[in-house]
Amino acid sequence: MRKPLVAGNWKMNGSRESAQALVAGIKEGVGSGATADVVICPPFVYLSEVKSLLSGSEIALGAQNVSHRGNGAYTGEISTSMLLDVGCEYVILGHSERRALYGEDDALVAEKVIALNAAGLKPILCVGELLGERESGKTEAVVARQLDVLLNSVEGLAALQNTVIAYEPVWAIGTGMTATPEQAQDVHAFIRQRIASKDAALAEKIRILYGGSVKGSNAVELFAKQDIDGGLIGGASLQIDDFLAICHAAK
Ligand code: 13P
379 MRKPLVAGNW KMNGSRESAQ ALVAGIKEGV GSGATADVVI CPPFVYLSEV
429 KSLLSGSEIA LGAQNVSHRG NGAYTGEIST SMLLDVGCEY VILGHSERRA
479 LYGEDDALVA EKVIALNAAG LKPILCVGEL LGERESGKTE AVVARQLDVL
529 LNSVEGLAAL QNTVIAYEPV WAIGTGMTAT PEQAQDVHAF IRQRIASKDA
579 ALAEKIRILY GGSVKGSNAV ELFAKQDIDG GLIGGASLQI DDFLAICHAA
629 K
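Shown next, in the form of structure tokens:
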């Protein structure tokens, strides 16, 4: 049995004040004995503060990006050792916003996954197709390309042992246009098969999250699908009630 995971990606939103209120509400609502692992991924500058606010709860801390390089002369970057230092356990990598707006390609994302794993952090690796790619029947080819860069190398395959995959169709992110549970399940099953072709045991245990306009109102039917092991949540992770409803939907 794969334990479900729900991760909240705050993206570039919030303030110290809103972070405090949000964490307090989520901490109280998740309580003890939650059925899913819950992870909160605030912007870098709030990581330390959110970590202290989370003390006494089982909610884990995640970052939204990391450098693939070790500490040194890389102005503006954040290293894996810094993220460990402030108490991070997970890091979102290869988000479509990083790929589209900051030029991160498959090779760089793979380097980051490998660096993160070597540092003892857990990658949440995002994959997913653009609307045009879906409409031209390329969804599987795109997702395969994004995965194969890791599946086809020894280091990459080793790093996937500690990775969570997030299937986020780009057309569903922040649009309110959620993939249907069937559309999502089809791609999740494809991802699992692709991994199984290299490592059957890994395919069985790896958690594959769905992301893209997940809300309290659609989480139950999405998470009911066999290969959907939870969600990566954007907008709804900034709303206490909505995020809690999603956390409780993951069983
Ligand atoms: P939304 O839930 O706002 O669609 O964002 C999804 C996402 O990009 C999470 O990483």
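The numbering used here applies: residue 379 is where the sequence shown begins, and numbers increase by one.
From the three backbone atoms N, C-alpha and C, an ideal C-beta is built for every residue, glycine too.
Item to check | 8 Å contact criterion, which isoleucine 618 and glycine 434 should meet: CB distance rounded | outcome: Walking along the sequence shown from the start, residue 618 turns up at place 240. Walking along the sequence shown from the start, residue 434 turns up at place 56. In fact, because the Cβ distance is near 18 Å, the residues do not count as touching under 8 Å.
Item to check | Nearest-residue set for the ligand 13P, Cβ under 6 Å from any heavy atom | outcome: Asn387, His473, Glu546, Ile551, Gly552, Gly589, Gly590, Ser591, Val592, Leu610, Ile611, Gly612, Gly613 and Ala614
Checklist entry - Going by beta carbon distance, what residues of the same chain come within less than 8 Å of glycine 464, once the five residues before and after it are set aside? => result Here residue 464 is taken as the residue at index 86 of the sequence shown, counted from 1. A small fix is needed here, since residue 464 is valine in this sequence, not glycine. Cβ neighbours of valine 464 beyond the five flanking positions: Leu425, Ser426, Lys429 and Leu439.
Item to check | Spatially closest choice to glycine 630 from Gln442, Asn443, Ala441 and Met460, by CA coordinates | outcome: With the chain covering 379 to 629 only, the question about residue 630 has no answer from this structure.
Checklist entry - When we look at the beta-carbon of alanine 399 and count the other beta-carbons within 10 Å, is it buried (16 or more) or exposed? => result Locating residue 399 in the sequence shown gives position 21, where the first residue counts as 1. Counting Cβ neighbours within 10 Å, alanine 399 comes out exposed, since fewer than 16 surround it.
Item to check | Beta-carbon spacing of isoleucine 470, asparagine 443 below 9 Å | outcome: As a position in the sequence shown, residue 470 is number 92, starting the count at 1. As a position in the sequence shown, residue 443 is number 65, starting the count at 1. Contact: yes.
Checklist entry - Using a Cβ-Cβ cut-off of 7 Å (strictly less than) and excluding sequence neighbours within five positions of asparagine 387, which residues of its own chain qualify? => result Working through the sequence shown from its first residue, we reach residue 387 at position 9. Answer for asparagine 387: Cys419, Gln442, Ile470, Leu610, Ile611, Gly612 and Ser615, listed in chain order.
Item to check | Best match in Thr553, Glu406 and Glu489 for proximity to leucine 508 [C-alpha to C-alpha] | outcome: Here residue 508 is taken as the residue at index 130 of the sequence shown, counted from 1. Measuring from the Cα of leucine 508, the nearest candidate turns out to be Thr553.
Checklist entry - What residue from Leu622, Val592, Gln604 and Glu518 has the CA that sits closest to arginine 572's CA? => result For this step, residue 572 is matched to residue 194 along the sequence shown. Taking only the C-alpha atoms, the option nearest arginine 572 is Glu518.
Item to check | Burial state of tyrosine 452 (16 or more Cβ within 10 Å) | outcome: Locating residue 452 in the sequence shown gives position 74, where the first residue counts as 1. It is exposed - the Cβ of tyrosine 452 has fewer than 16 other Cβ atoms within 10 Å.
Item to check | Buried or exposed (CB count within 10 angstroms, at least 16 for buried), serine 474 | outcome: Within the sequence shown, residue 474 is the residue found at index 96, counting from 1. Buried, since its Cβ has 16 or more Cβ neighbours within 10 Å.
Next on the checklist: Whole angstroms are fine: how far does the CA of leucine 432 sit from the CA of arginine 570?
Outcome noted: As a first step, residue 570 must be located in the sequence shown, where it is residue number 192. As a first step, residue 432 must be located in the sequence shown, where it is residue number 54. For arginine 570 and leucine 432, the distance between alpha carbons rounds to 33 Å.
Next on the checklist: Within the continuous alpha helix (DSSP H) that includes valine 401, where are the two ends?
Outcome noted: Indexing the sequence shown from 1 puts residue 401 at position 23. Element bounds for valine 401: 394 to 408.
Next on the checklist: Please state the DSSP three-state secondary structure of tyrosine 588.
Outcome noted: Looking up residue 588 in the sequence shown gives position 210. Reduced to three states, the DSSP call for tyrosine 588 is strand.
Checklist entry - In chain order, what residues of the same chain lie with their CB nearer than 6 Å to the CB of alanine 537, ignoring the 5 residues before and after it? => result The residue you call residue 537 lines up with position 159 of the sequence shown. Closer than 6 Å at the Cβ level, and outside the excluded window around alanine 537, lie Val491, Ile492 and Asn495.
Checklist entry - By Cβ distance below 7 Å, which residues in the same chain neighbour aspartate 620 in space, the five residues on each side in sequence not counted? => result In the sequence shown, the residue the question calls residue 620 occupies position 242. Here the set comprises Lys593, Gly594 and Ala614.
Checklist entry - What are the start and end residues of each continuous alpha helix (DSSP H) run of 4 or more residues lying completely inside the stretch 516 to 589, in chain order? => result 517 to 529, 532 to 538, 559 to 574 and 578 to 583
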